[in-house]
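Heads up, the thing below is written out as structure tokens.
Number of protein chains: 2
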Amino acid sequence: MATIYDVATMAGVSPKTVSRVMNGEATVTARTRETVEAAMHQLGYVPSSAARAMRSHRTGLVGLVTGAISGHPVGGPSGLPELQIVEGIQRVLADAGLTLLISDTGGDATRVTPLVRTLRGHRVEGLFYVADHHQRVTLPEVARAERLVLVNAFDEAGTRCVLPDDIHGQQALTEALIAHGHRRIGFLTLPTAIVAHRLRLDGYRAALAAVGIAYDASLVIDADRGGAPEERAALMAAVDALLALDAPPTVLCCGNDRLAVTVYGILRARGVAVPGAMSVAGYDDYRVISETLYPPLTTMELPYGRMGEQAARMMLDELRCGAAPAPASIVVRGEVKWRSSVTPGPALEIR
Amino acid sequence: MATIYDVATMAGVSPKTVSRVMNGEATVTARTRETVEAAMHQLGYVPSSAARAMRSHRTGLVGLVTGAISGHPVGGPSGLPELQIVEGIQRVLADAGLTLLISDTGGDATRVTPLVRTLRGHRVEGLFYVADHHQRVTLPEVARAERLVLVNAFDEAGTRCVLPDDIHGQQALTEALIAHGHRRIGFLTLPTAIVAHRLRLDGYRAALAAVGIAYDASLVIDADRGGAPEERAALMAAVDALLALDAPPTVLCCGNDRLAVTVYGILRARGVAVPGAMSVAGYDDYRVISETLYPPLTTMELPYGRMGEQAARMMLDELRCGAAPAPASIVVRGEVKWRSSVTPGPALEIR
DNA sequence: TCGATGGATGACATCGATGTTATCAGGCTA
DNA sequence: TAGCCTGATAACATCGATGTCATCCATCGA
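Quick note, the sequences are listed as chains A and B, same order. Residue numbers for the first sequence follow the numbering used here, so the first one is 130 and each next one is one higher. Residue numbers for the second sequence follow the numbering used here, so the first one is 130 and each next one is one higher.
Structure (structure tokens):
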């Protein structure tokens with residue numbers, strides 16, 4: 130790989146002059162500039178960012194660590210929608226001229242420390258930790274030494290973070306269902322151990338309370354066992370239980386879009402038309418699912434792309450201002466994605 | 130950030146001795162070693178890989194570029210299963226002590242050149258290009274200067290590459306269906322412009338020919354319009370056409386798992402039970418779909434994880450041997466994933 | 001007792017880009 | 001024409017880690 134000295138020799142100038150050309154300094158003759166640029170082009174010269182970093186102490190690198198830390202597997206094949214967070218981050222950083230160094234723990238929490246050490250070795254100017262679902266994490270000591278932004282995760286230390294607004298999400302979705310005439314709203318929740326479980330349940334209850342509908346615990350079932358065969362059995366039992374109620378629900382809210390896929394199949398195997406006899410709603414707006422299902426799925430967007438962008442902007446602010454900023458957390462709201470898996474409920478039909 | 134000089138000062142030795150401790154050189158007293166290690170620990174010292182790279186000319190970085198180059202959008206939300214390629218690569222490289230610098234073009238081919246320049250600036254020791262589907266690409270000049278491995282892509286120049294074995298895949302899947310008694314096998318293909326279209330069709334025909342079943346063009350329809358609303362219409366028309374045949378198929382092979390999701394819905398909306406009245410098979414083994422559908426989907430695995438691993442090993446071989454190796458391409462085979470969306474066909478039922 | 005041997009450590013140069021300071025040529029004024 | 005200024009360029013030091021060579025001291029054999 131050619132160096133600045135090679136370029137200087139070929140152009141018949143000093144290395145410093147080549148440097149001046151690269152950095153667009155004014156005091157270079159047009160003639161000299163052309164000669165140098167020709168040499169650079171001919172040699173295919175690209176300046177070494179390692180050498181630059183040594184002098185300037187700026188690497189233009191930002192680290193990102195993903196994967197389970199808590200060892201809290203939410204279940205099987207995630208399909209990696211959280212990658213949209215990474216894309217959002219990368220989009221914003223690239224515009225700012227920064228390069229992202231991505232490390233994946235592969236679900237092994239013990240790998241976090243060595244990965245962060247490697248990133249520090251490359252002198253990253255900041256560090257993101259991206260979780261695959263909304264969760265509490267405890268990062269190892271090494272990570273604390275960095276400008277750190279958590280995405281989809283938070284910690285006890287109050288590290289700056291970007292989170293989805295789970296309460297608002299479920300509330301807005303439930304309100305939309307109510308607005309379409311549904312009164313009996315089944316809720317197949319996420320596992321109770323998940324942070325989002327409680328938040329979403331709060332949102333669900335808030336939406337009911339706002340219009341004076343009493344909360345009915347028999348409509349709410351935790352049936353997500355993470356895609357395993359036993360999950361299917363639990364889910365089938367849950368759906369059957371809801372169908373067997375004296376006053377069965379007119380719509381099923383699923384904790385995520387993946388659940389909705391299976392629910393479509395189970396309902397139809399029971400002879401229940403979707404959405405004719407039972408409406409279905411999801412959560413996540415995991416588009417491969419929500420747009421592909423037939424009929425397309427009404428769902429709540431989990432705004433991963435925008436969360437990533439927000440996190441990147443937070444990081445850029447930190448890098449620019451220099452001083453360590455105050456702890457802060459941002460919650461990002463998604464939109465209800467209304468599609469044809471929900472038909473008007475009985476309250477509207479009666480009118 | 131602490132430097133080797135800070136450590137040396139604190140430990141009361143020369144920087145060179147600190148270096149010796151780090152690199153595990155023998156000629157250091159146990160006492161000295163302990164003193165130095167204590168200082169390193171206390172200062173939270175991590176050696177600068179930039180400084181190391183300057184002397185050694187080895188950065189331990191490998192670049193990876195993903196995203197569309199050909200500008201050949203296969204359609205809408207991909208769900209990014211090709212990320213498993215990246216994971217496979219990272220897994221192998223991490224074991225070899227290399228770090229992956231990932232750049233995403235975001236689907237904009239013009240961004241490839243600046244991204245590659247950035248990667249070269251970081252003096253990556255090799256470069257991967259990962260495509261989101263099996264395709265031919267033409268990489269810009271800059272990329273040629275690198276040790277390059279294409280994954281899920283190939284070019285005219287005969288650059289080393291790793292590809293899925295599409296012929297074998299469709300053939301093996303079709304043979305499995307035949308072995309289960311199916312004779313009339315509907316085939317909803319990928320778009321004809323896709324490389325895999327022709328290969329898979331060859332595999333399908335080969336499987337039929339091997340057992341003497343005549344190829345019936347009315348069973349083969351290209352209906353994938355990439356998830357757009359008009360696609361659903363095209364797909365419904367295709368399914369209806371197949372159902373209306375004098376001798377309708379007993380199983381539908383879908384060009385990918387996403388198509389199968391919609392096909393499940395369409396069939397059931399037509400009152401056709403899956404798999405009771407019509408079996409369905411997919412392609413990709415996109416597990417979020419194939420394991421989540423009810424019933425779970427029989428499909429052909431697209432071995433992205435292993436393709437990534439193979440590509441990484443190919444790269445490691447290149448890096449180790451030093452000299453530029455001969456062009457080569459590797460095809461990787463997947464396995465038939467047999468699940469309950471396919472029931473025995475009429476030929477077996479008759480027995 | 002002295003030189004030889006070798007083990008432990010340090011001094012110095014080096015990698016490539018760049019900040020700082022020096023140099024040099026040309027043009028202007030007095 | 002001497003003196004000075006200015007614009008263009010070069011020389012040199014520097015960032016942090018490490019290869020090369022030098023140095024120092026302890027120990028051993030003659």
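Ideal Cβ positions, reconstructed from N, Cα and C, are used throughout, including at glycine.
Item, Value
"Quick one: residues in its chain with C-beta nearer than 7 Å to the C-beta of Glu166(A), no 5 flanking neighbours on either side, listed in chain order?", "Val150"
"Return yes when the Cβ of Val136(A) is within less than 8 Å of the Cβ of Leu172(A), no when it is not.", "yes"
"For Ala182(B) versus Ala179(A), is the C-beta spacing smaller than 8 Å?", "yes"
"Identify whether Asp351(B) lies in helix, strand or coil by the three-state DSSP scheme.", "strand"
"Where does Glu430(A) fall in DSSP's three states?", "strand"
"Under a three-way DSSP split, which group does Pro425(A) fall into?", "coil"
"Could you tell me whether the Cβ atoms of Val278(B) and Met436(B) are closer together than 8 Å?", "no"
"On a Cα-Cα basis, can you pick out the residue from Ala336(B), Ala339(B), Arg327(B) and Gly341(B) that is closest to Ile350(B)?", "Arg327(B)"
"Please check if any C-beta of chain B sits within less than 8 Å of the C-beta of Thr428(A).", "no"
"Whole angstroms are fine: how far does the CA of Phe316(A) sit from the CA of Pro377(A)?", "12 Å"
"If the cut is a Cβ gap below 7 Å, which residues of chain A does Arg249(B) touch?", "Val175"
"In terms of alpha-carbon separation, which member of Thr321(B), Leu371(B), Val403(B) and Asp224(B) lies closest to Val473(B)?", "This sequence places Pro at residue 473(B); Val is not what is there. Nearest of Thr321(B), Leu371(B), Val403(B) and Asp224(B) to Pro473(B), Cα basis: Val403(B)."
"Taking 8 Å as the threshold (beta carbon to beta carbon), is Leu230(B) in contact with chain A?", "yes"
"Is any beta-carbon of chain B found at less than 8 Å from that of Ala272(A)?", "no"
"Within 10 angstroms of the Cβ of Glu464(A), are there 16 or more other Cβ atoms? Answer buried if so, exposed if not.", "exposed"
"What does Asp233(A) touch in chain B if you count any residue whose Cβ is under 7 Å from its own?", "Glu216 and Gln219"
"Just the Cα atoms here: how many angstroms apart are Leu306(A) and Lys466(A)?", "12 Å"
"So if DSSP puts Ile231(B) in a beta bridge, which residue, or which two residues, is it bridged to?", "Leu193(B)"
"With respect to the alpha helix (DSSP H) encompassing Thr161(A), which residues constitute its N-terminal and C-terminal limits?", "Ala159 to Leu172"
"Applying the criterion that 16 or more other CB atoms from any shown protein chain within 10 Å of the CB defines a buried residue, is Val203(B) buried or exposed?", "Residue placement at Val203(B) cannot be trusted, given a pLDDT of 43 that sits under 50; the coordinates are not used to answer."
"Just how far apart, CA to CA, sit Tyr174(A) and Ala131(A)?", "6 Å"
"Let me confirm a value: Ser185(A) is counted as buried when at least 16 other C-beta atoms fall within 10 Å, else exposed. Which label applies?", "exposed"
"According to DSSP, what are the bridge partners of Ile418(A)?", "The partner list for Ile418(A) (beta bridge, DSSP) is empty, contrary to what the question assumes."
"Of all the CB atoms in chain B, is at least one closer than 8 Å to the CB of Ile395(A)?", "yes"
"Could you check what DSSP says for Arg265(A) in three-state terms: helix, strand or coil?", "strand"
"Give me the DSSP bridge partner(s) of Leu317(A).", "Ile350(A) and Cys383(A)"
"Can you pull the chain B residues whose beta carbon is under 7 Å from the beta carbon of Ser178(A), in chain order?", "Gly250 and His251"
"Taking 8 Å as the threshold (beta carbon to beta carbon), is Tyr423(B) in contact with chain A?", "yes"
"Give a yes or no on whether the C-beta atoms belonging to Arg329(B) and Thr321(B) are separated by under 8 Å.", "no"
"What residues from the region 138-164 of chain A come within 8 Å of chain B, judged by C-beta to C-beta, listed N to C?", "none"
"Measure from the alpha carbon of Leu222(B) to the alpha carbon of each residue in Ser458(B), Ile459(B) and Glu447(B), then state which is nearest.", "Glu447(B)"
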